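**Q** The structure is given below, and queries will be raised subsequently.
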Amino acid sequence: MGNLDSTQYFNVKGDPEIRVKDVLDLVYNAMAEKGYNPVNQIVGYIMSGDPTYITSYKGARSTIMKVERDELVEELLKEYIKNESWKHE
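Following the numbering used here, the numbering of the sequence shown begins with 2 at its first residue and continues without gaps.
Here you go:
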């Protein structure tokens with residue numbers, strides 16, 4: 002036991018910063034590999050909050066649950082606007 006007059010420090014390393022783009026990429030690819038329609042499944046998850054819309058293959062389900070659903074929508078909308086998809090019709 003050490004000196005009782007001083008405070009010991011204990012650092013726990015948390016998860017590295019999760020990028021929403023990386024989460025969506027991982028989930029999309031895992032869903033496609035398993036034969037699901039990734040867009041439909043991700044929309045189902047975002048709308049309902051039910052993680053069973055996402056496969057557990059390659060850790061996709063646990064990974065997507067680390068990101069808030071509104072962050073997923075924000076990232077998707079930013080990419081849509083950035084690519085100006087509506088101008089290519």
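We put the beta carbon where it would ideally sit given N, CA and C, even for glycine. Bear in mind that the values here come from a model prediction, so they are computed numbers and not experimental data.
Can you tell me which of Y58, M66 and E69 puts its alpha carbon nearest to the alpha carbon of A31?
**A** The count along the sequence shown starts at 1 and reaches residue 31 at position 30. Per the Cα distances, Y58.
**Q** Does the beta-carbon distance from E76 to L27 come in below 8 Å?
**A** Your numbering for residue 76 matches position 75 in the sequence shown. Your numbering for residue 27 matches position 26 in the sequence shown. Against a cut-off of 8 Å, the Cβ pair of L27 and E76 comes out as no contact.
**Q** What residue does the alpha helix (DSSP H) around V44 start on, and which one ends it?
**A** Against the sequence shown, residue 44 aligns to sequence position 43. Segment P39 to S49, the alpha helix (DSSP H) holding V44.
**Q** Where V33 and E80 are concerned, what is the direct C-alpha to C-alpha distance, given to the nearest angstrom?
**A** Here residue 33 refers to the residue found at position 32 of the sequence shown. Here residue 80 refers to the residue found at position 79 of the sequence shown. As written in the sequence, residue 33 is Ala, which differs from the Val given in the question. In a straight line, the C-alpha of A33 is about 20 Å away from that of E80.
**Q** Assuming I65 contacts Y46 under a Cβ cut-off of 8 Å, what Cβ separation, rounded to an integer in Å, is found between them?
**A** For the purposes of this step, residue 65 is identified with residue 64 of the sequence shown, where counting begins at 1. For the purposes of this step, residue 46 is identified with residue 45 of the sequence shown, where counting begins at 1. Rounded, the Cβ-Cβ distance is 7 Å, consistent with contact.
**Q** What number of angstroms, rounded off, separates the C-alpha of S63 from the C-alpha of I55?
**A** By one-based count along the sequence shown, residue 63 stands at place 62. By one-based count along the sequence shown, residue 55 stands at place 54. Approximately 9 Å, taken between the alpha carbons.
**Q** Closest by CA to K67, which one among V40, K83, G50 and E85?
**A** Here residue 67 is taken as the residue at index 66 of the sequence shown, counted from 1. Selected option, being the one with the closest Cα: G50.
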